[in-house]
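A.B. asks: One structure is given below, represented as structure tokens, and several questions about it will come after.
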Amino acid sequence: MGASCAEYIAIKDFASEVVLLDIKEGFAKGKAMDLMQTASLNGFDTRVTGVTNDYAATADSDVCVITSGIPRKPGMTRQELIGINAGIVKEVSESLVKHSPNTIIIVVSNPMDTMAYLVHKTSGLPKNKIIGMGGALDSARFKYRLAEALGAPISDIDGMVIGGHSDKGMVPLTRLATRNSVPVSEFISEERLNQVKEDTKVGGATLTKLLGTSAWYAPGAAVSALVQAIACDQKKMFPCSVMLDGEYGLKDISIGVPVILGKDGIEKIVEIDLNDAEMEHMKTSAEAVRKTNGLLEY
Ligand SMILES: NC(=O)c1ccc[n+]([C@@H]2O[C@H](COP(=O)([O-])OP(=O)(O)OC[C@H]3O[C@@H](n4cnc5c(N)ncnc54)[C@H](O)[C@@H]3O)[C@@H](O)[C@H]2O)c1
61 MGASCAEYIA
71 IKDFASEVVL
81 LDIKEGFAKG
91 KAMDLMQTAS
101 LNGFDTRVTG
111 VTNDYAATAD
121 SDVCVITSGI
131 PRKPGMTRQE
141 LIGINAGIVK
151 EVSESLVKHS
161 PNTIIIVVSN
171 PMDTMAYLVH
181 KTSGLPKNKI
191 IGMGGALDSA
201 RFKYRLAEAL
211 GAPISDIDGM
221 VIGGHSDKGM
231 VPLTRLATRN
241 SVPVSEFISE
251 ERLNQVKEDT
261 KVGGATLTKL
271 LGTSAWYAPG
281 AAVSALVQAI
291 ACDQKKMFPC
301 SVMLDGEYGL
311 KDISIGVPVI
321 LGKDGIEKIV
331 EIDLNDAEME
341 HMKTSAEAVR
351 KTNGLLEY
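Going from the sequence shown to the working numbering is simple: count from 1 and add 60.
Next up, the structure:
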């Protein structure tokens, strides 16, 4: 998925350089070479290079994306990955910060909210510079399911998923979803809308079952959108997993809420008025994230 992310960044042609790093000998170099051989065909000038565990090559990066670690196999939860991925994410983030002390880190490895929390606790970076990617992907999957249910083009649909990046933790905001500013409930029944909600929550698991491993196109595209918002100082709003200090009644937890992204990373946390049911779902979601955070050793 890291390679898909690099591919979308390169194709959008907003970054001067992308460095791929992997622990597997020669792998990142091969991916980078393959990608660079698409440059004349796809028309981009971004320079993509790849290295094996050589963090010096990543020095002075503006944005670093962590996708290292193991993905889910069919039937697994994201939480089950913690044992292996926590060690990898801690080591990778520390090495990145050593060479790019002013960087912004986007954490993608699962269980993502807990991995983002770990980076908050161990990297020494300020909280506006640590962003967990989950909500941008879950929202894209939500819009896909809504468009399918409404029989509408996806460009007509707006919607957002907040909360934890897990099957039960996601909070798809069906009440606020619209088709060209008209509530989607005007077009489909409550029962169909609930089905959309459930299909969205198991979006990742559905693909893992079909593909035999974790998806990569939509996660890669979602990460590239966050990187672009930061690199191009777009001030775009995405739900991201960020460290909260009282917002949404939560503290000392990284979980998905809407934020504005720009050159400083998280430039603002947007507090929207949730109804009682949404707030209750957010609370249960946070409890589950805290439980996984409790398994961390750092
Ligand atoms: N947050 C999200 O929305 C989201 C979406 C999809 C996947 N994921 C997660 O992202 C992670 C990666 O998924 P994937 O499908 O790309 O897996 P993958 O197996 O295709 O790629 C992971 C890569 O990490 C490398 N790696 C392992 N340890 C490393 C280390 N110490 N240093 C550098 N590289 C290392 C591996 O060699 C491998 O190439 C998984 O944890 C997956 O669950 C998150």
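Idealized CB from N, CA, C, for every residue including glycine.
Report yes if the CB atom of G223 is closer than 8 Å to the CB atom of G354, and no otherwise.
C.D. replies: Not closer than 8 Å, so no.
A.B. asks: Applying the criterion that 16 or more other CB atoms from any shown protein chain within 10 Å of the CB defines a buried residue, is E258 buried or exposed?
C.D. replies: E258 should be labelled exposed.
A.B. asks: What are the boundary residues of the alpha helix (DSSP H) that V283 is part of?
C.D. replies: That run of the alpha helix (DSSP H) goes Y277 to A291.
A.B. asks: Put E258 into one of helix, strand or coil per three-state DSSP.
C.D. replies: Residue state, collapsed to three classes: helix.
A.B. asks: The alpha helix (DSSP H) with M342 in it runs from where to where?
C.D. replies: Residues D336 to N353.
A.B. asks: Pairing CB atoms from the segment 187-197 with CB atoms from the segment 315-333, are three or more of them under 8 Å?
C.D. replies: Contact between the segment 187-197 and the segment 315-333 is present, because at least three Cβ pairs lie under 8 Å.
A.B. asks: Would you please state the rounded distance, in angstroms, between the beta carbons of I71 and N102? I believe it to be under 8 Å.
C.D. replies: Between N102 and I71 the Cβ distance is about 5 Å, and since that is below 8 Å, they are a contact.
A.B. asks: Which residue spans inside the segment 159-221 form an unbroken beta strand (DSSP E) run of at least 3?
C.D. replies: You should have 164-167 and 190-192.
A.B. asks: With DSSP collapsed to three states, give me the class of L356.
C.D. replies: If DSSP states are grouped into helix, strand and coil, L356 belongs with coil.
A.B. asks: If you compare alpha carbons, which of D227, V123, H180 and V302 is closest to G135?
C.D. replies: Among D227, V123, H180 and V302, the Cα nearest to that of G135 belongs to D227.
A.B. asks: Among L321, L286, M339 and A289, whose alpha-carbon lies nearest the alpha-carbon of L310?
C.D. replies: Per the Cα distances, M339.
A.B. asks: Candidates Q294, G280 and P299: which alpha carbon is nearest I126's?
C.D. replies: Of the candidates Q294, G280 and P299, the one whose C-alpha sits nearest the C-alpha of I126 is G280.
A.B. asks: Using a threshold of 7 Å, is the CB atom of R107 nearer than that to any non-hydrogen atom of ligand 1?
C.D. replies: False, no ligand heavy atom lies under 7 Å from that Cβ.
A.B. asks: List in chain order: all unbroken beta strand (DSSP E) runs of 3+ residues lying wholly within the segment 67-154.
C.D. replies: Counting only runs of 3 or more, we get 77-82, 107-112 and 123-126.
A.B. asks: Cβ of V168 versus every heavy atom of ligand 1: is any distance shorter than 7 Å?
C.D. replies: V168: yes, Cβ under 7 Å from ligand 1.
A.B. asks: In chain order, what residues of the same chain have a beta carbon less than 6 Å from the beta carbon of P232, not counting five sequence neighbours either side?
C.D. replies: Result list for P232: F202, V221, K257 and T260, in chain order.
A.B. asks: Using a Cβ-based criterion (distance less than 7 Å to any ligand heavy atom), does K228 qualify as near ligand 1?
C.D. replies: Not under cutoff, so the answer is no.
A.B. asks: Are the Cβ atoms of L253 and V244 separated by less than 8 Å?
C.D. replies: Yes.
A.B. asks: How long is the line joining the alpha carbons of I248 and L210, rounded to whole angstroms?
C.D. replies: Each residue's Cα considered, the two are about 7 Å apart.
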